[in-house]
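A.B. asks: Position 30 (the sequence shown) corresponds to 30 in full-length UniProt numbering; numbering is contiguous.
Below you will find the structure I want to go over with you.
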Amino acid sequence: MTFTTMPHVSDAQISEAREVFQTLLEMSSLLCTGLDPETLTICVRLCEAGVNPEALATVVRELRKEVSNIESGTDDANQNC
Numbered sequence: 001m002t003f004t005t006m007p008h009v010s011d012a013q014i015s016e017a018r019e020v021f022q023t024l025l026e027m028s029s030l031l032c033t034g035l036d037p038e039t040l041t042i043c044v045r046l047c048e049a050g051v052n053p054e055a056l057a058t059v060v061r062e063l064r065k066e067v068s069n070i071e072s073g074t075d076d077a078n079q080n081c
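This is the structure we're talking about:
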């Protein structure tokens with residue numbers, strides 16, 4: 001069994017990454033994106049992996065619409081009972 005080792009990451013790099021993420025989180029909040037830290041992390045990682053940011057934004061918007069439609073349909077069904 002072969003294990004790959006992770007490259008050494010210095011404390012300074014970790015600190016800088018945290019600071020950058022905090023800045024992204026603040027920008028996300030100021031822009032009222034509605035992204036929580038976990039979702040923002042996933043989006044950032046997808047962009048780093050080469051996903052087109054505009055396409056990702058479109059997918060997020062469409063998923064929100066679908067969730068809203070499902071929730072409103074569920075709420076309507078509960079009101080009829």
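C-beta atoms are modelled at their ideal positions from N, C-alpha and C, and glycine is treated no differently.
What separation, rounded to the nearest whole angstrom, lies between the Cα atoms of residue 82 and Ser-10?
C.D. replies: Only positions 1 to 81 of the chain appear in the structure, and residue 82 is not among them; the question remains open.
A.B. asks: Check each candidate in Arg-45, Gly-34, Leu-35, Cys-32 and name the one with the smallest Cα separation from Ala-17.
C.D. replies: Closest by alpha carbon: Arg-45.
A.B. asks: At what residues does the alpha helix (DSSP H) containing Thr-23 begin and finish?
C.D. replies: Residues 11 to 30.
A.B. asks: Could you check which residue in Ser-68, Leu-35, Ile-70, Glu-71 has the C-alpha nearest to that of Leu-56?
C.D. replies: Here the closest residue by C-alpha is Leu-35.
A.B. asks: Around the Cβ of Cys-47, are there at least 16 other Cβ atoms within 10 angstroms (buried) or fewer (exposed)?
C.D. replies: Classification for Cys-47: exposed.
A.B. asks: Are Pro-7 and Leu-25 touching if we call contact CB-CB under 8 angstroms?
C.D. replies: Not a contact, by the Cβ cut-off of 8 angstroms.
A.B. asks: Could you check the C-alpha separation between Gly-50 and Gly-73 for me, to the nearest Å?
C.D. replies: When rounded, the distance between both Cα atoms is 35 angstroms.
A.B. asks: Rounding to the nearest angstrom, what Cα-Cα distance links Glu-71 and Arg-64 in this structure?
C.D. replies: Distance between the alpha carbons of Glu-71 and Arg-64 is about 10 angstroms.
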